[in-house]
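> My questions all concern the structure below.
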Amino acid sequence: MVYIYAYGFVLIPLYSAWFKLRFVFRLIIHPLVVISGEAILREVAAMPSENEPLVKCASMLGFDMFFQLVGRFLVNAQESEMQLVTVVLVGVEEFIMRVTYLPKRRWIRRHVFGLPTISEEQEGRLLGVLAFDNMSSMQSEIAAIIIATSSKLLLYDVRVNFDLGFFVNKRPDVPVELLSMLLALCVEGLGNLLAMAVQRRQGVAHVSVLSGERWRESLLFLVGVACLMTPSALFAFALRDVGWFCEGSWAREASSAGEFCGCWARSEILDAFCCVEPTLGGSNTTLEVMAAHEDTMSRHDFQPSIPLQMSQWA
C-alpha cells in the first residue's frame, strides 16, 4: 500500500510535470521501485506458512497487476515513435530482470550481507513463490497491455480527467495504438518464452493458472484483482490538486499555491481546460470562471466536445 500511495500522490504527479524526463522515469525510476517492492513481497511469501500458495501470494498478485498497469500507462503516454521504442526496451528490460533475479539474489546474500547459502527447504519455498509470481506477472502483462490500450482509445472524451498522453484537439491514432499493442504482446510473449526456458534451468517450474485442483478459484481471484487494480491505476493518473509542488500556475513568480500543477508545467490539456487566472484581491465568480474558460478555449482553437469540469479559484 505504501508503494501504491507513493505512486498515486507523489510519483505520478511528478511524472506528469516532468515532461522531458518521462522516458527516463519509465526505464529507470519505475523499474527500480518495482524491483524493490517485488523483492520484499517475494521474501515474505517464501516464509514458512501453512497457507496455500494463492493466499501467501495474494499481496504479490495485486502488486504485479497494479504496477503492470501503471507501467503500460507510462509507455502509452509517450509520443508515437518513442512509444514503439519504449515497448521494445521495456520488453528487453523485463526479460533481463526476470532471468537475473536468482543470480543477483545469491550474489547479494553472499557478498553484501555475508550470509550463508540458504537450505534446500528455503530454496524450495522460494522457487515455488517465483513460479507463482511468474504466472501472475505473465497474465498481468497481457491484461495490462490490452487495458492500457483500450483506456487510451476510449477515454479521450474525458482527457481532462486522466493524464494518459492525450493531445488537446487530436484523438489517439488508432492504427499506431493497435500496432503498439500488438508489438507489446509479441515482445512480451517472446520474452516470456525465453525467460521460462532460462528459469527452468535455474530450477523454477512453470505454473499454469488453468491447472491444479483449485484453478477456478485462482482464475476468479486473478480476474477480481485485475478489476480492482484497474480503477486504482487510473486514479493514479487522475487530475488532482498538488499544491505542494506548484509555485504558482500563471506566473512562476506568483506566490499562490494549491493550484493544479499542469497549469504551467507543460500540460496543454490543463492549460486548455482548467487553468483560469485568478482575479487579484478577491475570488472569481462562476460567470468569470466560465468566461475565462471560453477565452482560453478560443485561443487554443478548441471545439468543445466534452462537458468541462469547472474549478473554483479562491
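Under my numbering, the residue at position 271 of the sequence shown is numbered 271, and the numbers go up by one with no gaps.
Every residue gets a Cβ at the ideal spot worked out from N, C-alpha and C, and that includes glycine.
1) Comparing C-alpha positions only, which one of 233, 207, 230, 122 sits nearest to residue 54?
2) At the level of alpha carbons, what is the spacing between residue 220 and residue 61?
3) Considering just the uninterrupted stretch of the alpha helix (DSSP H) at residue 138, what are its terminal residues?
4) Pick out whichever of 144, 59, 50 has its Cα sitting closest to the Cα of residue 4.
5) What does the Cβ neighbour count give for residue 8, buried or exposed, with the cut at 16 atoms within 10 Å?
6) Can you tell me the Cβ-Cβ gap for residue 69 and residue 144, rounded? I've got them flagged as a contact below 8 angstroms.
7) Below 8 angstroms between beta carbons: does that hold for residue 141 and residue 93?
8) Hey, residue 152 and residue 172: beta-carbon distance below 8 angstroms or not?
9) Skipping 5 residues on each side, what residues in its chain have a beta carbon closer than 8 angstroms to that of residue 22?
10) Given this structure, state the Cα-to-Cα distance separating residue 168 from residue 50, to the nearest angstrom.
11) In this structure, what does DSSP give as the bridge partners for residue 238?
Let me lay it out:
1) Answer by Cα proximity: 207.
2) 13 angstroms
3) 120-154
4) Measuring C-alpha to C-alpha distances from residue 4 to each of 144, 59, 50 identifies 59 as the nearest.
5) buried
6) 5 angstroms
7) no
8) yes
9) 15, 74, 77, 78
10) 54 angstroms
11) 162
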